[in-house]
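Here the structure comes first, spelled out in structure tokens, and everything after it is commentary.
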Amino acid sequence: MRPPLAEIPEHLLEYITEQDPSLYTPIDHAVWRYVMRVSKAFFAVHGHPLYVHGLDETGISTDRVPLISEMDEALKKIGWRAVAINGFIPPSVFLEFQSLRILAIACDIRKLENIGYTPSPDIIHEAAGHVPIVADPGYRAYLEAYGEVARNAIITKADLELYGAVFDLSEIKENPKSTPEQIAKAQQRFEELASRESKPSEAALLTRMAWWTTEYGLIEGTDKPLIYGAGLLSSISESYHCLDPSVKKIPFSLSACIGTSYDITRPQPQLFVAKDFQELTRALNEFADSMAFRRGGAYGLRLGVEAENTVTAVLDSGLQLSGILHSPLFTTEGTEAGFTLSGAKQLSSGGVEISESETGLLPEEIAVFLFPEAIRTAPAGEIARALEGAGVLAQSGHILRGHVVRVLSHGPTGLVLVVKNLEVRDSQGRMIAESGGETRLVPIASRIVSVFGGAADRKSFVMKTRGSAGTKVKSHKTNLTAENAALNELYRKVRECRDQNGNSAEPLLKILTELDARHPEDWLLRLELLELISRLDPMSPAVASTRQTLENLKSTNKDFKEMIERGLQA
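This is the structure in structure tokens:
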């Protein structure tokens with residue numbers, strides 16, 4: 000079933016995937032069923048109280064890989080939606096979905112080899128991890144607030160490079176056709192970028208907050224911490240060990256949370272325990288007060304320049320200028336006085352792009368000068384006469400002169416002048432820049448009130464820089480390969496026996512014989528067979544022999560020893 004495309008902003012459509020249930024293999028369904036059987040028993044005791052109830056309330060099946068359309072219908076009842084995506088999407092896009100109360104759910108499912116944990120987003124992580132706790136109103140409120148705050152965060156060029164490395168590493172690890180050499184190369188690139196010494200950006204700090212809360216968070220229970228983070232809820236391996244005393248349990252605080260880095264490739268050595276979800280929302284608002292989108296001014300300008308990535312500077316006139324900020328200007332008192340805008344540019348007001356039919360073709364660079372308050376509030380005619388006469392003195396000490404061709408107005412007092420033959424001189428009268436016969440835009444403003452990440456009119460900016468996404472949707476990948484096709488056929492036969500709910504163990508015994516002969520190393524299908532045969536014919540010799548085979552596999556396959564043990568106990 001197609002996702003609710005009509006309700007999604009057009010510039011986000013390129014990230015949408017068509018969930019195709021036929022691409023899930025019988026092994027995939029067995030992986031899902033195993034994870035959910037083990038998880039429901041464990042998290043009924045050690046998880047957030049709403050976990051098991053949330054599975055039912057949000058339409059998540061235990062027996063098969065769930066349909067995102069079913070989750071979407073269930074989430075509608077609590078004011079949220081669900082859409083299918085294909086693995087990693089840019090952080091800014093994920094947060095935009097979240098700010099719109101849409102859970103972006105990866106359709107792919109981890110390979111059997113990665114059943115305990117995978118760094119790549121998959122349907123186990125999203126559906127069995129994030130979705131159930133959304134049933135809690137306090138958690139929903141935190142998610143909504145986080146999405147709104149985080150989509151304003153300034154994302155740096157270094158952030159994007161690291162995101163690319165994480166994306167490549169996760170995709171390569173989950174690709175059945177990847178070679179050990181490809182995995183090692185991607186791992187090395189990730190480690191090199193992750194180890195770079197640099198001041199963490201707003202986006203990086205907020206990512207840490209998400210990591211230690213929505214991904215790896217614990218919450219106080221009656222007598223012990225309880226798990227609510229999706230990374231733990233979807234990792235049957237790490238969740239099983241995270242409550243051990245060897246993993247430090249630290250009372251949640253904003254400073255400790257954002258001050259602690261993490262490694263996605265290893266189990267976490269410490270976790271943070273929140274009193275409740277309201278504490279997280281309060282901490283989030285505290286952090287938001289320190290961000291450039293609320294502080295603006297010289298602080299926001301410096302962070303915007305350091306980003307080397309698209310940001311938006313909002314002037315006190317209401318004008319929003321999006322692009323790459325550089326060449327910042329400051330007064331002798333240290334306040335902001337101007338900057339240069341380059342790269343892909345956008346001028347907006349109230350989050351809506353001002354068309355080039357109004358502004359004219361934007362130059363490669365726009366030099367923005369801030370003026371004294373008296374000039375910002377002066378009539379347009381008075382400013383125009385000053386520009387065409389002795390000039391207008393900017394806060395930076397530069398003097399601007401030129402011929403005003405047109406006056407663009409937006410908002411109650413905001414002015415943008417279209418000026419021809421613009422000259423910019425320093426305080427000594429020396430020429431700094433001149434436009435010749437070309438026109439230049441001169442915004443009339445005196446302060447930068449906000450600087451936030453990305454463009455003001457994101458839809459228009461994306462369409463202009465990437466082209467229209469249209470409504471094309473892509474399909475997710477399958478884990479079926481030529482190498483595992485025969486084994487998948489055996490899994491299919493067992494699933495068929497389960498669905499038919501027969502009263503004879505004979506078909507299962509035949510499958511077990513073939514499994515022993517052709518796939519002696521497989522443990523998950525043996526668990527499935529043991530469960531079914533034990534139910535139909537508990538005295539069958541195959542029950543004891545299969546259990547012994549699994550015990551033997553525990554000693555020869557140490558990577559899955561714990562998985563086999565937990566499967567035998569479930």
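So for the sequence shown, numbering that gives the first Met the number 0 puts the first residue at 0; every next one is plus one. Backbone N, C-alpha and C define an ideal beta-carbon position, used for all residues, glycine too. Computed from a prediction, not measured in an experiment: that's the story for all the values here.
1. Tell me the DSSP secondary structure of glutamate 355 in three-state form.
2. Under the DSSP definition of a beta bridge, which residues are partnered with isoleucine 84?
3. Around the C-beta of methionine 0, are 16 or more other C-beta atoms found within 10 angstroms, so that it is buried, or is it exposed?
4. At what residues does the alpha helix (DSSP H) containing leucine 529 begin and finish?
5. Taking Cβ to Cβ, would you say leucine 102 is nearer than 7 Å to alanine 152?
6. Under a three-way DSSP split, which group does lysine 557 fall into?
7. Starting from phenylalanine 451, follow its DSSP beta bridges and name the residues at the other end.
8. Which residue wins for smallest C-alpha separation from isoleucine 365, given the options His325, His402, Ala379?
9. Contact check, isoleucine 431 vs histidine 397 under 8 Å by CB: the rounded distance?
10. What separation, rounded to the nearest whole angstrom, lies between the Cα atoms of alanine 43 and glycine 228?
11. Provide the residue(s) that pair with histidine 325 in DSSP beta bridges, ordered along the chain.
12. Are the beta-carbon atoms belonging to leucine 369 and glutamine 394 less than 7 Å from one another?
13. My output table needs one value for serine 467: the three-state DSSP class, helix, strand or coil.
14. How is histidine 518 classed by DSSP in three states: helix, strand or coil?
15. Terminal residues of the continuous beta strand (DSSP E) containing glutamine 269?
16. Would you say the stretch 444 to 464 touches the stretch 339 to 349, given that touching needs at least three Cβ pairs under 8 Å?
17. Given 8 Å as the limit, is there contact between the stretch 56 to 67 and the stretch 136 to 147, that is, 3 or more CB pairs closer than that?
18. Use the C-beta contact count for glutamate 355: other C-beta atoms within 10 angstroms, 16 or more gives buried, fewer gives exposed.
19. Check whether the stretch 42 to 60 and the stretch 14 to 30 touch, using three or more Cβ-Cβ pairs below 8 Å as the test.
20. Given 8 Å as the limit, is there contact between the stretch 488 to 499 and the stretch 528 to 536, that is, 3 or more CB pairs closer than that?
21. Return the chain-ordered list of same chain residues with a C-beta closer than 6 Å to the C-beta of serine 98, the five sequence neighbours on each side being excluded.
22. Exposed or buried, which one is threonine 117 when buried takes at least 16 other CB atoms within 10 Å?
23. Check whether the Cβ atoms of glutamate 422 and arginine 405 sit closer than 7 Å, and answer yes or no.
24. Going by DSSP, what residue range makes up the alpha helix (DSSP H) through leucine 231?
25. Quick test of the definition: if touching needs 3 or more C-beta pairs under 8 Å, does the stretch 86 to 95 touch the stretch 153 to 166?
26. Around the C-beta of glutamate 527, are 16 or more other C-beta atoms found within 10 angstroms, so that it is buried, or is it exposed?
27. Please identify the residue among Phe251, Ile257, Ile226 whose C-alpha is closest to the C-alpha of asparagine 243.
28. Using DSSP with H/G/I as helix, E/B as strand and the rest coil, what is proline 593?
29. Considering only their Cβ atoms, is the gap separating serine 260 from glycine 571 smaller than 7 Å?
30. Considering only C-alpha positions, which residue in the set Ala481, Tyr239, Ala287 is nearest to serine 176?
31. Whose C-alpha, out of Pro537, Arg375, Glu564, is nearest the C-alpha of glutamate 550?
32. Let me confirm a value: glutamate 372 is counted as buried when at least 16 other C-beta atoms fall within 10 Å, else exposed. Which label applies?
33. I'd like the list of long-range same chain contacts for proline 266, defined as Cβ closer than 6 Å, with 5 residues on each side in sequence excluded.
34. Kindly identify the DSSP beta-bridge partner or partners of histidine 402.
35. Taking DSSP as the reference, what is the three-state secondary structure of alanine 366?
36. Excluding the five sequence neighbours on either side, which residues of its own chain have a C-beta within less than 8 Å of the C-beta of aspartate 275, listed in chain order?
Taking the coordinates as given:
1. helix
2. Ile15, Ala105
3. Low per-residue confidence applies at methionine 0: pLDDT is 40, beneath 50, and the placement is therefore not dependable enough to give any value.
4. 523 to 535
5. no
6. helix
7. Thr311
8. His325
9. 7 Å
10. 15 Å
11. Thr339
12. yes
13. Here serine 467 scores only 49 on pLDDT, less than 50, and its place in the model should not be relied on; the value that follows carries that caveat. Of the three classes helix, strand and coil, the one that applies to serine 467 here is coil, per DSSP.
14. coil
15. 269 to 273
16. yes
17. no
18. exposed
19. no
20. yes
21. Gly146, Glu147, Arg150
22. buried
23. no
24. 229 to 232
25. yes
26. buried
27. Note that residue 243 is aspartate in the sequence shown here, rather than asparagine. It is Ile226.
28. This structure leaves residue 593 out entirely; the chain is present only between 0 and 569.
29. Look at the range of the chain in this structure, 0 to 569, and you will see that residue 571 is not part of it.
30. Note that residue 176 is lysine in the sequence shown, not serine. The residue with the shortest Cα to Cα distance from lysine 176 is Ala481.
31. Glu564
32. exposed
33. Glu237
34. Lys419
35. strand
36. Gly137, Ile218, Glu219
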